[in-house]
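Numbering (my numbering), first residue to last: 613 to 1560.
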């Protein structure tokens, strides 16, 4: 329990766990009066040189006055933060608010002087950079806008911390001291720097777990068959290249299955990088403490009995993570199936999988152990389902996902040279906003295929995730916007993964079909049409086709400029002339080498030998063809593909591989599965091409951002959670160039007539009662009222049908030009962030769920695709001879709404309904805006691990 200061309560929300540059973790928290002894002990371990750099003079020890000053803060004008490991300080930072002349001051002074001190043993770990992010966030919260720092010229490390942070700064030299001044408002560069550091740190933290130099299995019992003993056996049988230890309190012998055995990890005389914990949950805290004190870097906790078991287990899980982070360790689990790394330099099988998967270039992530087993099994076997040998680079099963999550693994895979395709099974997404950001960046470099479990139910009990109000269809649309290939089943996940790992990305949707069965060719043709591809007429080679016939036909199809991909269909034939599996496989492989930039797939029926033959190669790892610049004369029958390194977004290839590997052709037992995988690859390739030229968020000169901010502040001064009235709504939207057609209240027939005279005929009479609003299908709207007589008659009809005017809240509005009624909405989801949605107005669209979504801020390219994404989009572009409407004006309204919500996070909801889009221009006939105090944006704040 921290002691509060003399002015403010202890700000517990400033506490955070962070990942450092080397992959370890540290705790950042405010310094309090209880930290005097820790501060003195910390200072004693700092070198004289570092002390000199901090105080500009020899300063061997802190005086009692210094200790009091550095531990007593008001958390407003004087703030100190410490980075701790094992409860002890490793670094400190503080700021003091200053005014004119650099003297101590209070608000409204908005400048502060900042200073750091990092223990020498922890310099170079990125501690100061992390502390700067957090102290800057604290300062902004306390209305401090600028930092000033004085640094000795020789203290180049600290100067680099400031200059590399990405803030706008001034620098000058005075009296032998470098003075740096910089604004604390985040910039594009500072956010880019922060996220690059985040990626390096989190990737390194996962890399330390997947490539340890030594592993201790804690809980490896004397009896065969136990969990710990099984993991130990799997590590040994996989040929783990590092040092391996067995740990169990009951062990008496010096060895267990030929592995050095110890009763405690403390007894191991060498450093241990990774501990696999397989002891009952009540004994885990003792094990974690021993590992932390011994300097273990990370834990794989196989033990169960945590959040999946109920509230008591959930609290044990929180305490487990807190304890591990205290020692700077990261955790995979608890309740995990384990981790695997097939790299020949590591050969790590710290899992419950009895066999090591074949090495390859597919990364696997599964939150569920059972699904992890299924994935490994599907990729391992040759027969049944999708056949063929495609190996795994790394496999991670996070179990309850208490610490290391899919986001961390994505950070690792992003620049892992051994992984070309990422497959993920997710039952929950703890931070959708961050996952979408990381997925977009990863997908721009290598394919990311995701299947979501628990789509129509709550997340598994062991997963602590923030609630989202967004339906699954919306989340899927946002993932698609980020380039994620989202599939529905484990089978489809493997189908798509095998194609992307083995073949180049298709340059377009045009598909050639050839084979020895006319019926199978027609099925494939229909499947292509159903998936939105453009198939060419199937080529029937007849059942008498030889391997050479297949070779010539495939070469011709690949050479055809009208073809972007080829699906080969094959059925078994009877007779002496029937093609043999091995010969056909070789014919297809050699023919495909003539066009390395076009993918080839096989749909076979009862040809298990063909699938195996297609997979046969000198190596089990996949290999791609040449890039866009490749030429046909570099590949001949039987030739190997060009060696490729890590992914290049400019290349059309999906998979990569090492030199001298044969290009593998994926085989599918059904045409529909082959075509579905190909369709996903076509959509992903199109996304990659578009992502290479991202759109822009346009600037509009007529936007009054300052005026909108002042209006919002004034409105929120009345209270929070406000739904604005019509006048305020029109004024706020008008500041962003969104004009809402004027509507006048009509509580009586006479006032309705007066309103119509003001607006001018023809007019519309509408009810605005909540149960009738936007429900023209219920008869609550009367259009094209040409004169007062028609208006009064319509008024009487409405009141006779639906009730008194007080209930109906009728309004009169001038008629808008005829067009297509649409709806534009923006909402703030607590987990996913700001989302813009679009669809046609009316019950039919709502019933069918025909709505498209994009994350805010929306670019011009996003707006264009949003309009075209709904199934009813043809109504906007001249369906059945109707006149196309002004979609450019519609896209501009979307962009302006996006800007409003992005510029002002206090705008938590906007609804424009209906937006009538005519041939020229549009009319916004109804609008609502909701305001609330700006929610915290964890993606814009300092780096921090999720709170447990």
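Beta carbons: idealized from backbone N, C-alpha and C, even for Gly. Keep in mind the model is a prediction, meaning the values are calculated, not measured.
Residue 1394 to residue 1485 span [Cα, whole Å]: For this step, residue 1394 is matched to residue 782 along the chain shown. For this step, residue 1485 is matched to residue 873 along the chain shown. The alpha-carbon atoms of residue 1394 and residue 1485 are separated by roughly 26 Å.
Through-space distance from residue 1420 to residue 1358, alpha-carbon basis: As a working note, residue 1358 is residue 746 in the chain shown. As a working note, residue 1420 is residue 808 in the chain shown. For residue 1358 and residue 1420, the distance between alpha carbons rounds to 10 Å.
Exposure label - residue 1510; buried when at least 16 CB within 10 Å: Against the chain shown, residue 1510 aligns to sequence position 898. Residue 1510 is buried by the Cβ-count criterion.
Beta-carbon gap between residue 1544 and residue 1527 smaller than 8 Å: As a working note, residue 1544 is residue 932 in the chain shown. As a working note, residue 1527 is residue 915 in the chain shown. Not a contact, by the Cβ cut-off of 8 Å.
In DSSP terms, what residue 759 is bridged to: Here residue 759 refers to the residue found at position 147 when the chain shown is read from its first residue. Per DSSP, 724 and 794.
Other residues of its chain near residue 1050: CB distance less than 7 Å, five sequence neighbours each side excluded: Sequence index remark: in the chain shown, residue 1050 carries index 438 (1-based). So the list reads 1019, 1022 and 1023, once near-sequence residues are dropped.
Status (buried if at least 16 other CB within 10 Å, exposed otherwise) for residue 1554: Here residue 1554 is taken as the residue at index 942 of the chain shown, counted from 1. By the 10 Å Cβ count, residue 1554 comes out buried.
Option nearest residue 722 by Cα separation, candidates 1290, 781 and 756: Here the question's residue 722 lines up with position 110 in the chain shown. When only C-alpha atoms are compared, the closest one is 756.
Check whether residue 1343 and residue 1400 have beta carbons under 8 Å apart: As a working note, residue 1343 is residue 731 in the chain shown. As a working note, residue 1400 is residue 788 in the chain shown. No, they are not a contact pair.
Residue 1422 vs residue 1452 beta-carbon contact at 8 Å: Taking the chain shown and counting its residues from 1, one reaches residue 1422 at position 810. Taking the chain shown and counting its residues from 1, one reaches residue 1452 at position 840. The answer is no: Cβ separation not under 8 Å.
Exposure of residue 1449, with buried meaning 16 or more beta-carbon neighbours within 10 Å: Counted from its first residue, the chain shown places residue 1449 at position 837. With 16 or more other Cβ atoms within 10 Å, it is buried.
Residue 883 vs residue 826 beta-carbon contact at 8 Å: Within the chain shown, numbered from 1, the residue matching residue 883 stands at position 271. Within the chain shown, numbered from 1, the residue matching residue 826 stands at position 214. Cβ distance < 8 Å, so residue 883 and residue 826 count as in contact.
For residue 744 and residue 715, the rounded distance between their alpha carbons: Position 103 of the chain shown holds residue 715. Position 132 of the chain shown holds residue 744. Rounded to whole angstroms, residue 715 to residue 744 spans 22 Å at the Cα level.
Integer Cβ distance of residue 1054 from residue 1034, believed to fall under 8 Å: By one-based count along the chain shown, residue 1054 stands at place 442. By one-based count along the chain shown, residue 1034 stands at place 422. Indeed they touch by this definition, with Cβ atoms about 7 Å apart.
Classification of residue 1060 by the beta-carbon crowding that lies within 10 angstroms, buried from 16 upward: Walking along the chain shown from the start, residue 1060 turns up at place 448. Result: buried.
Distance between residue 665 and residue 776 (C-alpha atoms, nearest Å): Locating residue 776 in the chain shown gives position 164, counting from the first residue. Locating residue 665 in the chain shown gives position 53, counting from the first residue. So the alpha carbons of these two residues sit roughly 19 Å apart.
Paired residues, beta bridge with residue 1125 - DSSP: Here residue 1125 refers to the residue found at position 513 of the chain shown. DSSP lists 1179 as partners of residue 1125.
Separation of residue 1350 from residue 1505, as counted between CA atoms: Taking the first residue of the chain shown as 1, we reach residue 1505 at position 893. Taking the first residue of the chain shown as 1, we reach residue 1350 at position 738. Near 7 Å, if we compare the C-alpha coordinates of residue 1350 and residue 1505.
Inter-residue spacing [alpha-carbon to alpha-carbon] between residue 717 and residue 767: Locating residue 717 in the chain shown gives position 105, where the first residue counts as 1. Locating residue 767 in the chain shown gives position 155, where the first residue counts as 1. Those two C-alpha atoms are separated by around 28 Å.
Classification of residue 866 by the beta-carbon crowding that lies within 10 angstroms, buried from 16 upward: One-based indexing of the chain shown puts residue 866 at position 254. Answer is exposed; the Cβ neighbour count stays below 16.
Residues bridged to residue 953 (per DSSP): Against the chain shown, residue 953 aligns to sequence position 341. BP columns for residue 953 point to 960 and 1006.
Validate contact between the region 1202 to 1210 and the region 1156 to 1174 using beta carbons, cut 8 Å, 3 pairs: yes
Residues bridged to residue 832 [DSSP beta-bridge criterion]: By one-based count along the chain shown, residue 832 stands at place 220. DSSP output for residue 832 lists no bridge partner at all.
Under the three-state DSSP convention, the category residue 857 falls into: For this step, residue 857 is matched to residue 245 along the chain shown. Residue state, collapsed to three classes: strand.
Length at least 4, wholly inside the region 667 to 740: the alpha helix (DSSP H) runs in chain order: 676 to 683
Chain-order list of residues whose beta-carbon lies under 6 Å from that of residue 1065 (same chain, five-residue window excluded): As a first step, residue 1065 must be located in the chain shown, where it is residue number 453. Excluding sequence neighbours, residue 1065 sits near 1039.
C-beta atoms of residue 1428 and residue 1353 nearer than 8 Å: Taking the chain shown and counting its residues from 1, the one referred to as residue 1428 is at position 816. Taking the chain shown and counting its residues from 1, the one referred to as residue 1353 is at position 741. Yes, the Cβ-Cβ distance between residue 1428 and residue 1353 is below 8 Å.
Per-residue DSSP class, three states only, for residue 864: As a working mapping, residue 864 is identified with position 252 in the chain shown. Three-state result, residue 864: coil.
First through last residue of the beta strand (DSSP E) which encompasses residue 1441: In the chain shown, the residue the question calls residue 1441 occupies position 829. Segment 1432 to 1441, the beta strand (DSSP E) holding residue 1441.
Given 8 Å, three or more beta-carbon pairs between the region 629 to 640 and the region 676 to 689: no
Spatially closest choice to residue 1215 from 1198, 1183 and 1196, by CA coordinates: Working through the chain shown from its first residue, we reach residue 1215 at position 603. For the residues 1198, 1183 and 1196, the minimum Cα distance to residue 1215 belongs to 1183.
Same chain only: Cβ atoms within 6 Å of residue 980, ignoring 5 sequence neighbours per side: Within the chain shown, the letter at position 368 stands for residue 980. Nothing listed; no residue qualifies.
Beta-carbon proximity check, residue 1564 vs residue 1063, cutoff 8 Å: Here the chain has residues from 613 to 1560 only, and residue 1564 is not among them.
Cutoff 6 Å; reference residue 1557; Cβ partners in own chain excluding five residues on either side: Indexing the chain shown from 1 puts residue 1557 at position 945. Contacts found: 629.
Nonlocal neighbours in the same chain, by C-beta distance under 7 Å from residue 933, ignoring five residues either side: Your numbering for residue 933 matches position 321 in the chain shown. Same-chain partners within the cutoff: 943, 1014, 1015 and 1560.
Span of the beta strand (DSSP E), counted from its first residue to its last, around residue 935: On the chain shown, residue 935 is found 323 positions in, with the first residue counted as 1. Segment 923 to 938 is the alpha helix (DSSP H) holding residue 935; no beta strand (DSSP E) there.
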